[in-house]
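In our numbering, the protein residues as written are 10 to 280.
Below: one structure, written as structure tokens.
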Amino acid sequence: MSLKVYLFTDLEGVAGVDRWDARDSDRPVDARRCRETRELLMGEVNAAADGAFAGGATAVVLVQGHADSMIYELADERLEIIKGTGYPTWLPELGADSGAAFFVGAHSFCHTPQGTLAHTFNFKKRRQWWLCGREIGELGMLAAYCGAHGVPLALATGDDKLCREARELIPEIETAQVKVGLGIESARHLSRDRAREEVRMAALRAAERAAKGEVPPYQPPGPPYTSRVRTRVRNLHVPRHLPPGDRWVSPYETEHTRQELLELLRCMTDI
Ligand SMILES: [Zn+2]
């Protein structure tokens, strides 16, 4: 039996990372930290891939979820890697041919108390998302997109708050806790190698469980499906006159209703 894993990544949930990504800075100290955090990410990505293959995965496609975070030459040779900019969709090539999705380096949603680098999608805009009445972050959004394709999210790695968020959403999910969040820019981290071992073992369990069909694809209640999107700053991308099913709740908040879940999720990530 073949099991293809869709391995999506972020950066803020990796052990050793507790500061915002300074990729746009010219300061040498930031450049050094940027390189270091990306090496740490690649270590956890490779650990997840190694665990997935040990657990029965036959292919793992790595998908860069945080801009310019992949160090291509450090990727496990068994991986195929989707990276670049201007993807056609938030999750390129996600389809029913994937048997499971993994999320490595994930963080908790905006305003999570003591969640390290907690934010939702765009930390400058302080976005918040609610899907069918429940607040979600990037993990919930990934779970819902995957679920809409019939793909279970089987692994999440990050700090303790992210792991809790993942288990509350999907009780069957495997998690690897690589740090304990102490504040928005602080954490108590496992060592690099212990974190990788946690990720590897959780990925192995996740692949085994996904292969046995033990992790259900996430499904929010519906149809119809509803969502709310709030931004801290007035959102100028959203037209004043919204299509049917959408309405302005305040200058900072819109509400959306759709019969098709994927259509609803796309309108949330496009805002
Ligand atoms: Zn993120």
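Idealized CB from N, CA, C, for every residue including glycine.
Distances from the CB of D19 to the heavy atoms of ligand 1 include at least one below 6 Å. D27 is positioned such that its CB atom lies closer than 7 Å to that of A196. Around P225, the same chain offers P161, E181 as residues with beta carbons nearer than 7 Å, after the five sequence neighbours per side are excluded. Look at L251 here: in three-state DSSP terms it is coil, with no helix or strand label. E269: not part of any alpha helix (DSSP H); DSSP gives it neither H nor E.
For the 7 Å CB-CB criterion, L148 and F111 do not form a contact.
With respect to the 7 Å criterion, R209 and G64 are not classified as neighbours on the basis of their beta carbons. F130: not part of any beta strand (DSSP E); DSSP gives it neither H nor E. Contact check for N55 against D85 passes: the beta carbons are separated by less than 7 Å. Membership of K170 in the alpha helix (DSSP H) is indicated by the continuous run 169–178.
Taking 6 Å as the cut-off, one finds no heavy atom of ligand 1 near enough to the beta carbon of E223. With a threshold of 6 Å, the Cβ atom of E174 does not count as near ligand 1, since no heavy atom of the ligand is closer than that.
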